[in-house]
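Input: a single structure, listed below in structure tokens.
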Amino acid sequence: MSHATGIKYLKKDCLPLMWCSGCGHGTVLGAMLRAFEELGYENNNTVVVTGIGCWGKADDYLLTNALHVTHGRALAFATGVKAYNPKLNVVVLMGDGDGVTIGGNHFIHAARRNIDVTAIIVNNLNYGMTGGQCSGTTPAGSYTSTTLYGNPEREIDVCALAEAAGANYVARGTVYHGMQLKNHIKEALNKKGFSLVEVVGPCPTQFGKKNQMKKPVDMLRWLKEKGVSKEKYNKLDNPQGEGYFVIGKLVDKDAPDFNTRYDEIRARAMGL
Amino acid sequence: MQTKLLQGNQAMAEAAIYAGARFYAGYPITPSSEIAEESARLLPKVGGVYVQMEDEIGSIGAIVGASLAGAKSYTATSGPGFSLMQENLGMAVMGEVPCVIINVQRSGPSTGLATKPSQSDIMQARWGRHGDQSIIALSPATVQECFTVTVKAFNFAEKYRVPVILNADEIVAHMRENFTMPAPGEIEVWDRKSPAAAPDQYRPFEPDDDGIAPLAAYGSDYVYHVTSSMHGYEGYSNNNPATAAWKIAHLHQKLERYRDEIVMTKSFDTDDADILLITCGSTTRAAREAALALRRQGVKAGVLQLITVWPFADEQVKSLGRNAKTVVVPEMNYSGQLAGEIQRILGPDKDIRRVNKYNGQIITPQDILTAIKPD
Ligand SMILES: Cc1ncc(C[n+]2csc(CCOP(=O)(O)OP(=O)(O)O)c2C)c(N)n1
Ligand code: SF4
Chain A
283 MSHATGIKYL KKDCLPLMWC SGCGHGTVLG AMLRAFEELG YENNNTVVVT
333 GIGCWGKADD YLLTNALHVT HGRALAFATG VKAYNPKLNV VVLMGDGDGV
383 TIGGNHFIHA ARRNIDVTAI IVNNLNYGMT GGQCSGTTPA GSYTSTTLYG
433 NPEREIDVCA LAEAAGANYV ARGTVYHGMQ LKNHIKEALN KKGFSLVEVV
483 GPCPTQFGKK NQMKKPVDML RWLKEKGVSK EKYNKLDNPQ GEGYFVIGKL
533 VDKDAPDFNT RYDEIRARAM GL
Chain B
15 MQTKLLQGNQ AMAEAAIYAG ARFYAGYPIT PSSEIAEESA RLLPKVGGVY
65 VQMEDEIGSI GAIVGASLAG AKSYTATSGP GFSLMQENLG MAVMGEVPCV
115 IINVQRSGPS TGLATKPSQS DIMQARWGRH GDQSIIALSP ATVQECFTVT
165 VKAFNFAEKY RVPVILNADE IVAHMRENFT MPAPGEIEVW DRKSPAAAPD
215 QYRPFEPDDD GIAPLAAYGS DYVYHVTSSM HGYEGYSNNN PATAAWKIAH
265 LHQKLERYRD EIVMTKSFDT DDADILLITC GSTTRAAREA ALALRRQGVK
315 AGVLQLITVW PFADEQVKSL GRNAKTVVVP EMNYSGQLAG EIQRILGPDK
365 DIRRVNKYNG QIITPQDILT AIKPD
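So the sequence lines, in the order shown, correspond to chains A and B. Numbered according to the working numbering, the first sequence terminates at residue 554, and the numbering increases by one at each position without gaps. Numbered according to the working numbering, the second sequence terminates at residue 389, and the numbering increases by one at each position without gaps.
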């Protein structure tokens, strides 16, 4: 099989990408488009729903159907698309601010409802687009433009939240681990029901420079060192305290998705 | 022809199905909840989808998504929920997405008198969203009108590619009246215009000669982008000043062009009226009673009912209002949201009697008669 490039989904006349050099968003976009190609997705049968934020600009580069909506609400719009037409492949791209801070409630309920969409949340630990303010995922103690003396709040674990809310598939990857990331996205897309891939990503422009990672390469080194498998994580003495996080597949199950359940209920209503 | 006793909220839900709606997403709130309940009962039977969302923000998001997937879609709410919907309602305006939002007005501000009637969202319907845009808002006065006006709301949404607000009020929503179900085909039903261009030529925001761009459904042969951000014909985000100016003007002009079709009014004894009562929604009923009482006393009184609240019926108000000595505007709010518009049209010198009630009680014919007694 020839190597997938994802080029048939990419709007080339929009290049170069608007993202800063060293930003992780381009890498995630590439992984997603290669996953589309390997799964044989058609442009017209795929709907990419994006929220607001740097990662939410990804639709500008796509030749698939796209729906770019208000900040934090992408999953709600996606729910309508998928609930009405189950045949569509629906993928939702959100930042951590978009997905689990302002959009936290939709996130919980999309997972609970088990609507068959794939959410790809790029967690860069802050709000890139608005100038690097703190987010619901900013680690306690970290520095951002609104936590100048350190973040007094604790961060949310996006994957744990998805699991608790009932997602069928949950995985965490990083921008450094590109091949693994593509495979997780592929698995998530293939999974019926709500699936989440959290991608820990670098934002050198806003987050890195305030947190002792001045250069993009420092951020990649951080991802490489701190993103570890569950086995490795469990063997460490104080993994959380030292900033390690687990990467890999965390949840994989097959509870019936919303549309399957709805079809049964509808058949009952119609007396079938 | 079958006549039955029906509630306004039920009539709106029945009308949505009649108009071809097949997707509802909503969050319960009094006094609109029966619309959700009826929709949950009716939609699955006709192959449609009902989703109870986590809040109103999500509800309107979901109906926009479903509409782009090809459904005629709607939601129903009341004051606080309508406020929550405003940002995504703006998204529907920007994305030119057909859908219907039923706002059964109740008393506020905030939780106010939660189950009591009011007509204080007239300006919220018009200006609730940020940014500059126009909107269609309709207001029924009877249970039968709840049905016919709801069908109109879907027709306007589909025809002009816009979200349409059905600004009902608690009285008409909860009232039970004799209702005759129209036969299929008896009321015209519009469907959105599909693209005729070759798939690689389709530009989802390029208007045809009629000023309206055809809308494909996600999953058809057409591939397209819809964005809440500024955009040109292609639907990709675009900050070019000329594009922005075109788009904003387009959002206004496409409704301006069809103003005559959109603005619907009803006149009762207005031809020779010295006293003209101007109303929308359920206060029309009290106004008609008051006008009949005045006629019995030999006073020439008539009623102009605004079924379409936005765009405002400037022409109708002007032509009838000019001939009347006194214009009376009864409405269930303090600030005279309707009266202010009418004063704008008829000028500062026109004698406009405002009849406002804002204690959660309905306006009665007697309230109106008392207010217009010569001093
Ligand atoms: C209702 C609303 N509130 C605030 C904003 C401003 N805003 C735009 S993007 C953004 C944060 C984006 O952060 P994130 O989702 O983490 O994405 P990133 O830019 O980091 O990729 C905010 C707060 C908005 N557009 N809408
Ligand atoms: S601000 Fe951060 S998230 Fe946004 S493009 Fe730049 S590096 Fe990426």
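We put the beta carbon where it would ideally sit given N, CA and C, even for glycine.
Could you compute how far the alpha carbon of residue i sits from the alpha carbon of residue j?
| i | j | result |
| --- | --- | --- |
| GLU507 (chain A) | GLY381 (chain A) | 25 angstroms |
| VAL186 (chain B) | THR162 (chain B) | 13 angstroms |
| GLY63 (chain B) | VAL457 (chain A) | Strictly speaking, residue 63 (chain B) in this sequence is Val, with Gly absent from that position. Cα-Cα distance, rounded: 38 angstroms. |
| PRO538 (chain A) | LYS474 (chain A) | 8 angstroms |
| ASN450 (chain A) | ARG394 (chain A) | 10 angstroms |
| VAL453 (chain A) | THR125 (chain B) | In the sequence on display, residue 453 (chain A) carries Ala and not Val. Computed Cα separation, rounded: 42 angstroms. |
| TYR88 (chain B) | ARG355 (chain A) | 18 angstroms |
| PRO94 (chain B) | GLY386 (chain A) | 20 angstroms |
| ILE467 (chain A) | LEU299 (chain A) | 21 angstroms |
| GLY350 (chain B) | LYS18 (chain B) | 36 angstroms |
| THR241 (chain B) | THR156 (chain B) | 38 angstroms |
| ALA230 (chain B) | LEU383 (chain B) | 53 angstroms |
| GLY361 (chain B) | ILE289 (chain B) | 17 angstroms |
| GLU345 (chain B) | ALA305 (chain B) | 15 angstroms |
| LYS491 (chain A) | GLY525 (chain A) | 17 angstroms |
| ILE377 (chain B) | GLU184 (chain B) | 13 angstroms |
| ARG36 (chain B) | GLU355 (chain B) | 36 angstroms |
| HIS188 (chain B) | HIS307 (chain A) | 51 angstroms |
Confirm the yes/no value for this check: CB of residue i, any heavy atom of ligand 2, distance under 6 angstroms.
| i | result |
| --- | --- |
| ASN516 (chain A) | no |
| ASN405 (chain A) | no |
| THR89 (chain B) | no |
| GLY333 (chain A) | no |
| TRP504 (chain A) | no |
| CYS302 (chain A) | yes |
| CYS160 (chain B) | no |
| GLY75 (chain B) | no |
| CYS305 (chain A) | yes |
| THR487 (chain A) | yes |
What in chain B is Cβ-close to residue i, meaning under 8 angstroms?
| i | result |
| --- | --- |
| LEU292 (chain A) | Going along chain B, no residue has its Cβ under 8 angstroms from LEU292 (chain A), so there is no contact; the nearest lies around 13 angstroms. |
| LEU370 (chain A) | ALA83, TYR232 and GLY233 |
| TYR366 (chain A) | ARG36, PHE37, VAL63, GLY79, ALA80, ALA83, GLY84, ALA85 and SER87 |
| TYR451 (chain A) | Result: empty, since nearest Cβ-Cβ is about 21 angstroms, beyond 8 angstroms. |
| HIS391 (chain A) | MET67, GLU68 and GLY72 |
I'd like to check one pair, residue j with residue i: are the Cβ atoms closer than 7 angstroms?
| i | j | result |
| --- | --- | --- |
| ALA182 (chain B) | VAL118 (chain B) | yes |
| ALA151 (chain B) | ALA139 (chain B) | yes |
| ARG316 (chain A) | GLY338 (chain A) | no |
| GLY249 (chain B) | PRO218 (chain B) | yes |
| LEU318 (chain B) | LEU334 (chain B) | yes |
| ALA300 (chain B) | LEU308 (chain B) | no |
| LYS293 (chain A) | LEU370 (chain A) | no |
| ILE74 (chain B) | ILE179 (chain B) | no |
| VAL310 (chain A) | VAL404 (chain A) | yes |
| VAL330 (chain A) | VAL363 (chain A) | no |
| ASN347 (chain B) | SER134 (chain B) | yes |
| ILE49 (chain B) | ASN23 (chain B) | yes |
| HIS353 (chain A) | ILE384 (chain A) | yes |
Please list the partners that residue i has in chain B, where partner means a Cβ-to-Cβ separation under 9 angstroms.
| i | result |
| --- | --- |
| THR361 (chain A) | ALA39, VAL65, MET67, GLY72, GLY75, ALA76, GLY79 and ALA80 |
| ASN325 (chain A) | VAL237 |
At a CB-CB cut-off below 9 angstroms, which residues of chain A make contact with residue i?
| i | result |
| --- | --- |
| MET105 (chain B) | VAL351, THR352, ARG355 and PHE359 |
| GLU101 (chain B) | THR352, HIS353 and ARG355 |
Measuring only from the beta carbon, is residue i closer than 6 angstroms to any heavy atom that is part of ligand 1?
| i | result |
| --- | --- |
| CYS336 (chain A) | yes |
| ASP378 (chain A) | yes |
| GLY410 (chain A) | yes |
| HIS353 (chain A) | yes |
Can you name the residues of chain B whose CB is closer than 7 angstroms to the CB of residue i?
| i | result |
| --- | --- |
| VAL329 (chain A) | TYR232 |
| ILE289 (chain A) | Neighbours of ILE289 (chain A) on chain B: none; closest Cβ ~16 angstroms, over 7 angstroms. |
| ALA551 (chain A) | PRO58 and LYS59 |
| TYR544 (chain A) | VAL63 |
| ILE438 (chain A) | The contacting residues do not exist; ILE438 (chain A) stays about 17 angstroms from chain B at best. |
- Message: Beta carbons nearer than 9 angstroms to chain E: which residues of the stretch 342 to 354 of chain A have them?
- Response: Of the chains in the structure shown, none is chain E; the protein chains are A and B.
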